[in-house]
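Protein chains: 4
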Amino acid sequence: MKEARVLIDCSDEKGLVYKISKVFYEMGLNIDKNQEFVDEQTNKFFMRTKVSGIFEVDTLQNAIKAVVPLEAHVRVIVPAKKRIVLLATKESHALGDILIRWEAGELNAQIEAVIANHKDLKALTRRFDIPFIHVSTEGIDRHEHEKRMIEVLGELSFDYIVLAKYMRILSDNFVKRFEWKIINIHHSFLPAFIGANPYKQAYERGVKIIGATAHFVTSDLDEGPIISQDVIAVNHNYSWQDMQSAGRDVEKIVLSRALHLVLNDRVFIHQNRTIVF
Amino acid sequence: MKEARVLIDCSDEKGLVYKISKVFYEMGLNIDKNQEFVDEQTNKFFMRTKVSGIFEVDTLQNAIKAVVPLEAHVRVIVPAKKRIVLLATKESHALGDILIRWEAGELNAQIEAVIANHKDLKALTRRFDIPFIHVSTEGIDRHEHEKRMIEVLGELSFDYIVLAKYMRILSDNFVKRFEWKIINIHHSFLPAFIGANPYKQAYERGVKIIGATAHFVTSDLDEGPIISQDVIAVNHNYSWQDMQSAGRDVEKIVLSRALHLVLNDRVFIHQNRTIVF
Amino acid sequence: MKEARVLIDCSDEKGLVYKISKVFYEMGLNIDKNQEFVDEQTNKFFMRTKVSGIFEVDTLQNAIKAVVPLEAHVRVIVPAKKRIVLLATKESHALGDILIRWEAGELNAQIEAVIANHKDLKALTRRFDIPFIHVSTEGIDRHEHEKRMIEVLGELSFDYIVLAKYMRILSDNFVKRFEWKIINIHHSFLPAFIGANPYKQAYERGVKIIGATAHFVTSDLDEGPIISQDVIAVNHNYSWQDMQSAGRDVEKIVLSRALHLVLNDRVFIHQNRTIVF
Amino acid sequence: MKEARVLIDCSDEKGLVYKISKVFYEMGLNIDKNQEFVDEQTNKFFMRTKVSGIFEVDTLQNAIKAVVPLEAHVRVIVPAKKRIVLLATKESHALGDILIRWEAGELNAQIEAVIANHKDLKALTRRFDIPFIHVSTEGIDRHEHEKRMIEVLGELSFDYIVLAKYMRILSDNFVKRFEWKIINIHHSFLPAFIGANPYKQAYERGVKIIGATAHFVTSDLDEGPIISQDVIAVNHNYSWQDMQSAGRDVEKIVLSRALHLVLNDRVFIHQNRTIVF
Chain B
158 MKEARVLIDC
168 SDEKGLVYKI
178 SKVFYEMGLN
188 IDKNQEFVDE
198 QTNKFFMRTK
208 VSGIFEVDTL
218 QNAIKAVVPL
228 EAHVRVIVPA
238 KKRIVLLATK
248 ESHALGDILI
258 RWEAGELNAQ
268 IEAVIANHKD
278 LKALTRRFDI
288 PFIHVSTEGI
298 DRHEHEKRMI
308 EVLGELSFDY
318 IVLAKYMRIL
328 SDNFVKRFEW
338 KIINIHHSFL
348 PAFIGANPYK
358 QAYERGVKII
368 GATAHFVTSD
378 LDEGPIISQD
388 VIAVNHNYSW
398 QDMQSAGRDV
408 EKIVLSRALH
418 LVLNDRVFIH
428 QNRTIVF
Chain V
158 MKEARVLIDC
168 SDEKGLVYKI
178 SKVFYEMGLN
188 IDKNQEFVDE
198 QTNKFFMRTK
208 VSGIFEVDTL
218 QNAIKAVVPL
228 EAHVRVIVPA
238 KKRIVLLATK
248 ESHALGDILI
258 RWEAGELNAQ
268 IEAVIANHKD
278 LKALTRRFDI
288 PFIHVSTEGI
298 DRHEHEKRMI
308 EVLGELSFDY
318 IVLAKYMRIL
328 SDNFVKRFEW
338 KIINIHHSFL
348 PAFIGANPYK
358 QAYERGVKII
368 GATAHFVTSD
378 LDEGPIISQD
388 VIAVNHNYSW
398 QDMQSAGRDV
408 EKIVLSRALH
418 LVLNDRVFIH
428 QNRTIVF
Chain D
158 MKEARVLIDC
168 SDEKGLVYKI
178 SKVFYEMGLN
188 IDKNQEFVDE
198 QTNKFFMRTK
208 VSGIFEVDTL
218 QNAIKAVVPL
228 EAHVRVIVPA
238 KKRIVLLATK
248 ESHALGDILI
258 RWEAGELNAQ
268 IEAVIANHKD
278 LKALTRRFDI
288 PFIHVSTEGI
298 DRHEHEKRMI
308 EVLGELSFDY
318 IVLAKYMRIL
328 SDNFVKRFEW
338 KIINIHHSFL
348 PAFIGANPYK
358 QAYERGVKII
368 GATAHFVTSD
378 LDEGPIISQD
388 VIAVNHNYSW
398 QDMQSAGRDV
408 EKIVLSRALH
418 LVLNDRVFIH
428 QNRTIVF
Chain W
158 MKEARVLIDC
168 SDEKGLVYKI
178 SKVFYEMGLN
188 IDKNQEFVDE
198 QTNKFFMRTK
208 VSGIFEVDTL
218 QNAIKAVVPL
228 EAHVRVIVPA
238 KKRIVLLATK
248 ESHALGDILI
258 RWEAGELNAQ
268 IEAVIANHKD
278 LKALTRRFDI
288 PFIHVSTEGI
298 DRHEHEKRMI
308 EVLGELSFDY
318 IVLAKYMRIL
328 SDNFVKRFEW
338 KIINIHHSFL
348 PAFIGANPYK
358 QAYERGVKII
368 GATAHFVTSD
378 LDEGPIISQD
388 VIAVNHNYSW
398 QDMQSAGRDV
408 EKIVLSRALH
418 LVLNDRVFIH
428 QNRTIVF
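In structure tokens:
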């Protein structure tokens, strides 16, 4: 007996659920959980099914491919810990939240390394016996720094890069090299307050609620598909530093929640949106 | 071309999704939306599918019944306005919210009548040209009052009774007569503060958040299956009257949200819980 | 015995609380509630005090003016219903919510009239015996329409204009004529999605939370001081129409909450922010 | 120049604000922040003022005592790190959240020790170079275990005991010994689901929202004054274990938020409620 998550996305057409569930039925598999979504505007079909039984991954994958449209994207994933690399700068709350979950065995991922452009988080990372790699920006330009980052990443093996408050803007080149593999936490309720110091922007705009947004990173700064968002109420008593401090709690929870979804293969990307099962 | 909502609940067994989707496929129906849930503890299967195409309701229902377990509960519902009766007492916020939605054509129900044990809401109800029936409690006991309520209801035709802040406790007899047809809004975050004056109880307990709960009514007071809940933050500045006032906004929104779900056939009842698709 | 709300704002200086509370003490007044705030960035002092006792409004106001800086803004307000004019277009949820509160005596305002650029809301308004004034835009340009609106408003007496989903952009001239007297509900979580059809924008951006914002109207579209905001979670199942429908509940509650604050003299405006006591 | 937090609570009487602010004024102190609250039901006055200037703590305290009622509780507190002891059992999320804040210098407290009835959290605690004391329950009864806990605590010096998911019930004797010094995080939205395994209770009740409550511990289990609460939405897809997992995020944030308030002297206890400035 084993388990798999079957993820399918393709153009919608009549009979898809029937044809796919027929494959499961004829292979003697149990459907433990099944979710579908059809985007009516784009006529796209999304399905995520948890099956269990006795099967070969390749056989199942091929059997499904035989009944769905040619262009379909079919993934049969046997649950296993993903590997992630964390990028950070100076703030410890997002990194710390991930480390504590990791230690408790609740993260569902192996942390390969923490890479940072400052040394501030070295001590914290080492407390958890995780490799800390400092890639300094001193005396080098953006291009050179990114080149070194790519070298360091090239020596690691990972499924996702998690920007746990990594305060550097990534180039197009970097983003495209790791397409759909980079997850960021932005310290605002996107699309409000794109860019630098969103808490100061929020303070000056006099908002009554602040938030945070976890999203996949694309070439357009702060514009990638949103995975998770949450908010917290503030008022006139909050300086922008108070907002920043209150916001940190939202940031870390939203990032960890997004990671949980991605690491459990619950997120489809469709255009600039996510379907989250 | 017509649309139907197919709701099925039965014991779970292998192949259910396959067998049911096969029926849809062979009848040439489109699946516009499909949701399933299996309660692992009780091995119960729930499915709600929106289909469209050319079909007879009876034919479809029988075709499904032929492939699911004998004890299965199968409903094929062609979308249509349900009929509701509103019960109220003196407060107008929940009733008013429903009336405004009704007038805008957003309620998806026909309001047959408003029945109240006081006359306070007569003027408001009449503003909307809806029958207002006053069933006074003066000079009669609980039993006699309920008997008269049942008489009045007996002359009406309805799918659901909505308790829009009806401040009388219903007897077992009454509840059983209209099993799973009565929806109530309770002015607390159940199961906290069951019984009388929950806002005063909340104030005395010093809570920092208050809430409201929409639920199906069963013989056990404030114990029926919950459909919807929401909350709002309060603080030491709130007297219990302030809590009551703030709570009214939550009450009316939670009740209307629950009605929306029930009137669109999106709620299954299972034991003391609801499955909401 | 009478009550008053004393609102003071001025440059901060040492001894303000002492000097002002001395005035209350020497006049034999009770302080029933007292709130202060100092904006440290701008060195501005804000104070709102509920006092009760035997006093003349002018005497109290003059006594306070004698102890605070010359430029201080001092208001002694005896609680009374404000008068408001509602501007609307076609949607009834925000207007309806205000009407229901008004009927229950919970609005703390007298509604002088509803003015609309369409006739859709005439029937609803008339149900509540409130004057409905239709100022059509047919065959006339923006300038001419606004001129007629100003004429109509000129014949009314009011403290605030409430834009209850009034879907026309107001000119600088109009806004300045009624400075700090116009309250709007914007159907997004400002500053996200300024401008037209924010729900469509939100859908396309793939956000997981939508919101609404009540604010004072200034010449800069959707940029005035925010009074109140709230949000609601959405997901990939929501079309933009579903978002709009869910958003309406947030809009009406946020607007009514903002009105409650303004009508009870609990809001100071400072630069582009509000201090809400 | 130094800062102090002045906390006063006493019976309300006319002129209190005047008399107290006169003391500040005559000592030449700045009022940086000032908050008051009068509980009308009990006629109790609460005031928290942040002052700065040149002063002696004793002189200021005595000057205030001279103008307020004899029974008044007057505290002049110069901001300094409090000392806390953490009690835990097996779960690491609440403890971990506090440790990460402590490491970042954001906790405003010194952690004297972690005491646990199991050894599971020893490794995590040691990662942060904080003393871990294991007080086993093996082979001894409740009374004996608590005696040993009290011995261990007797050798430490602390302002507060923080129950970071300490899963043992404390005796009256224990609680009274450390009156108003014990802060607990309860894994439910109190007063719902008092007692054991609240998530299982919540699951069985079919609630749509779960929560957590930080409160001072009194002799009545789960009945002490509430400091902070928060909630998160759940649905029928959540098993009770899923609720527990989602609830952990709420628990740790609510506990840390409560700690932040208490450690900054922002909480008054009044009857079974808290006034939080």
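Which chain is which? The protein sequence lines are B, V, D and W, in order.
Numbering (my numbering) for the first sequence: 158 to 434.
Numbering (my numbering) for the second sequence: 158 to 434.
Numbering (my numbering) for the third sequence: 158 to 434.
Numbering (my numbering) for the fourth sequence: 158 to 434.
Idealized CB from N, CA, C, for every residue including glycine.
Within the DSSP bridge table, the entry for THR370(W) names HIS343(W), GLN386(W) as partners.
With fewer than 16 other CB atoms across the displayed protein chains lying within 10 angstroms of its CB, GLU295(V) is exposed.
At a cut-off of 7 Å between C-beta atoms, TYR182(V) counts as an interface residue with respect to chain B.
If you look at SER328(W), you'll find it isn't in any alpha helix (DSSP H); DSSP assigns it neither H nor E. With the rule of 3 Cβ pairs closer than 8 Å, the stretch 164–182 of chain D does not count as touching the stretch 390–407 of chain V. C-alpha of VAL235(V) to C-alpha of SER209(V): approximately 10 Å in a straight line.
Contacts with chain B at 7 Å (Cβ-Cβ) include LYS179(V).
Measuring C-alpha to C-alpha distances from ILE326(W) to each of ASP379(W), PRO348(W), HIS230(W), SER413(W) identifies ASP379(W) as the nearest. Only those residues of the stretch 379–408 of chain V whose C-beta falls short of 7 Å from the nearest C-beta of chain D are listed: ASP406.
Of the residues ALA321(D), GLU308(D), PHE350(D), ASN354(D), the one whose Cα lies closest to the Cα of ARG334(D) is GLU308(D).
At a C-beta separation below 8 Å, THR431(B) has these neighbours in chain D: GLY363, HIS393.
Interface annotation for the stretch 324–354 of chain W against chain V: PHE346, LEU347, PRO348, ALA349, PHE350, criterion Cβ-Cβ distance under 8 Å. The stretch 350–358 of chain V and the stretch 276–285 of chain V do not touch, with fewer than three beta-carbon pairs separated by less than 8 Å. Interface criterion met: the Cβ of ILE366(B) is under 7 Å from a Cβ in chain D.
Secondary structure at VAL309(B): helix, using DSSP grouped into helix, strand and coil. MET184(V) sits in coil when the DSSP states are folded into three classes, being neither helix nor strand. Contact annotation: the stretch 402–414 of chain D touches the stretch 239–251 of chain D, with at least three C-beta pairs closer than 8 Å. Take the alpha-carbon of GLN386(V) and the one of LYS365(W): they are about 6 Å apart.
Within the same chain, and ignoring the five residues on either side of ALA371(D) in sequence, the residues whose Cβ sits closer than 6 Å to its Cβ are ILE342, ILE384, SER385, VAL411, LEU412, ALA415.
For SER209(B), there are no neighbours in chain W by C-beta distance under 7 Å, as the nearest C-beta there is about 16 Å away. Under the 10 Å beta carbon count, ALA369(V) is surrounded by 16 or more other beta carbons and is classified as buried. With the criterion set as a beta carbon lying under 7 Å from some beta carbon of chain D, the members of the stretch 269–291 of chain V are LEU281, ARG284, PHE285, in sequence order. Using a Cβ-Cβ distance cut-off of 8 Å, the stretch 413–432 of chain D and the stretch 197–206 of chain D are in contact, since at least three pairs of beta carbons, one from each stretch, lie closer than that value. At a cut-off of 7 Å between C-beta atoms, GLU260(D) counts as an interface residue with respect to chain V. With respect to ALA321(V), LEU420(V) sits apart: the two C-beta atoms are not nearer than 7 Å.
The beta carbons of SER376(W) and VAL332(W) sit about 5 Å from each other, so the pair counts as a contact at 8 Å. For the pair ALA273(V) and PRO288(V), the CB atoms are not nearer than the 7 Å cut-off. Three or more pairs of CB atoms, one per stretch, sit closer than 8 Å, so the stretch 219–234 of chain V contacts the stretch 173–191 of chain V.
Out of ILE268(V), LEU186(V), ARG362(V), HIS291(V), the CA that lies nearest to the CA of ASP277(V) is found in HIS291(V). Relative to the Cα of GLU183(W), the nearest Cα in the group ALA390(W), ALA220(W), ILE241(W) belongs to ALA220(W). Note on geometry: alpha-carbon atoms of LYS304(V) and PRO348(D) lie some 56 Å from one another. Boundaries cannot be given for LYS238(W), as no beta strand (DSSP E) includes it and DSSP labels it neither H nor E. Looking from the CA of PHE212(D), the closest CA among VAL195(D), ASP166(D), ARG162(D), LEU256(D) belongs to ARG162(D). Ranked by how close their Cα comes to the Cα of LYS207(B), the residues VAL180(B), GLN198(B), ASN191(B) have ASN191(B) in first place. Not one beta carbon of chain D lies nearer than 7 Å to the beta carbon of ILE221(V).
Between GLY381(D) and VAL388(D), the beta carbon gap of about 19 Å keeps them out of contact (Cβ cut-off 8 Å).
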